[in-house]
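Scroll down for the structure; my scribbles are underneath it.
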Amino acid sequence: MTASDPSWPRIRTVGIDGMLVSFGDTLREEANRAALAFRAAVDREAWDGVEETATSLASTFVRFDPLILRHDTLRERLHRLLGAMNWYAADLPRGRRLFHIPTVFGTDLAPQLSEAAQAAGLSETEAIASITANRVRVQTIGFAPGQPYLGTLPDAWNIPRQQDLTPRVTEGALVVAIRQLVLFSVTAPTGWRHIGQTACRLFRPQSDTPFLLRPGDEVQFHAITREEYDVILTGTSNGGITQECLA
Numbered sequence: 005m006t007a008s009d010p011s012w013p014r015i016r017t018v019g020i021d022g023m024l025v026s027f028g029d030t031l032r033e034e035a036n037r038a039a040l041a042f043r044a045a046v047d048r049e050a051w052d053g054v055e056e057t058a059t060s061l062a063s064t065f066v067r068f069d070p071l072i073l074r075h076d077t078l079r080e081r082l083h084r085l086l087g088a089m090n091w092y093a094a095d096l097p098r099g100r101r102l103f104h105i106p107t108v109f110g111t112d113l114a115p116q117l118s119e120a121a122q123a124a125g126l127s128e129t130e131a132i133a134s135i136t137a138n139r140v141r142v143q144t145i146g147f148a149p150g151q152p153y154l155g156t157l158p159d160a161w162n163i164p165r166q167q168d169l170t171p172r173v174t175e176g177a178l179v180v181a182i183r184q185l186v187l188f189s190v191t192a193p194t195g196w197r198h199i200g201q202t203a204c205r206l207f208r209p210q211s212d213t214p215f216l217l218r219p220g221d222e223v224q225f226h227a228i229t230r231e232e233y234d235v236i237l238t239g240t241s242n243g244g245i246t247q248e249c250l251a
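The numbering used here numbers the first residue of the sequence shown as 5 and each following residue consecutively.
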């Protein structure tokens, strides 16, 4: 339960083979933390019949085989596990990593930096400093394969999405809205403002680990020049990314 609303968390049925444990109806840091920690706990339990777990911004999803694990049995186990601790204050899962990602801000590669900075009440220089000063968490993967939603940014970045779609941003585009960043894993349209461009590949379908980032990982973006970006493109590394273990 939360101090502000004791009606959370909630367990709900999803279809015939899913349970959704939700820790809130909006994205908050503590709700995302709870979802990540609770999923890790379910995985550790290794209950027979559980086939898959995943997290969204504020929920943990559990897919199971109803021929092996009854709905009422799973619900009772989830309820008991929820009562074991305050998940909103839980430690984040072990095995998380910190990724450092070189990023060009603005230029013709990311033409909406000025517009986004103005919406946030910042100069372009202040906007870049704000984005690069904050380590952001991979809150969930969604929309496209391996594509992270990252946050949460300071209040100034609670800017709305665009009213119209940008028809196309390229793989590696960094976009912003509603105190979150999204780093695009594919070329796609978007309603978020394109403020930065990276050379990293988040989705590698031929790899044994096709998704570079996992929920709970952290990312820090580092500003580079257009010339440095062009040099990275000619190399063989994954967009100049470096990583380190957090826990």
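We put the beta carbon where it would ideally sit given N, CA and C, even for glycine. Just so you know, these numbers come straight off a predicted model, no measurement behind them.
| Check | Outcome |
| --- | --- |
| Can you tell me where the alpha helix (DSSP H) holding serine 134 begins and where it ends? | 128 to 137 |
| Given 8 Å as the limit, is there contact between the segment 71 to 83 and the segment 186 to 193, that is, 3 or more CB pairs closer than that? | no |
| Can you tell me which of the three DSSP states threonine 6 falls into? | Interpretation of threonine 6 is limited by its pLDDT of 47, a score under 50 that renders its predicted location unreliable; no figure is taken from the coordinates. |
| Answer with buried or exposed for cysteine 204, where buried requires no fewer than 16 other C-beta atoms within 10 angstroms of its C-beta. | buried |
| Can you give, in chain order, each stretch of the beta strand (DSSP E) that sits fully within the segment 178 to 206 and has at least 3 residues? | 184 to 187, 192 to 194, 197 to 201 |
| Which of the three DSSP states is assigned to glutamate 248 in this structure? | strand |
| Taking the CB atoms as reference points, tell me whether glycine 3 and arginine 165 lie closer together than 8 Å. | Absent from the model: residue 3. The displayed extent of the chain is 5 to 251, so no value can be given. |
| Can you tell me which of the three DSSP states leucine 117 falls into? | helix |
| Checking the sheet assignment: what are the DSSP bridge partners for leucine 154? | Val142, Leu185 |
| Tell me which residues share the same chain as glutamine 116 and place their Cβ nearer than 7 Å to its Cβ, disregarding the 5 neighbours each side in the sequence. | Arg197, His198, Ile199 |
| Using CA coordinates, which residue listed in Gln210, Asp159, Glu130, Val140 is at the minimum distance from leucine 178? | Val140 |
| For glutamate 80, does the three-state DSSP call read helix, strand or coil? | helix |
| Expressed to the nearest angstrom, what Euclidean distance is found between the alpha-carbon atoms of glycine 28 and proline 13? | 7 Å |
| If alanine 252 and phenylalanine 109 are in contact, beta carbons under 8 Å, what's the gap, nearest whole angstrom? | Residue 252 cannot be examined here, being either before or after the span of the chain that is shown, 5 to 251. |
| Would you give the residue range spanned by the alpha helix (DSSP H) that isoleucine 236 belongs to? | 230 to 238 |
| If we define contact as Cβ-Cβ less than 8 Å, is alanine 39 a contact residue for chain B? | As a matter of chain content, chain B is missing from the structure shown, which is built from one protein chain. |
| Apart from the five residues just before and just after serine 11, which ones in its own chain have a Cβ nearer than 7 Å to its Cβ? | none |
| From what residue to what residue does the beta strand (DSSP E) around alanine 58 run? | 54 to 59 |
| Please identify the residue among Ile163, Trp161, Pro193, Ile182 whose C-alpha is closest to the C-alpha of arginine 172. | Pro193 |
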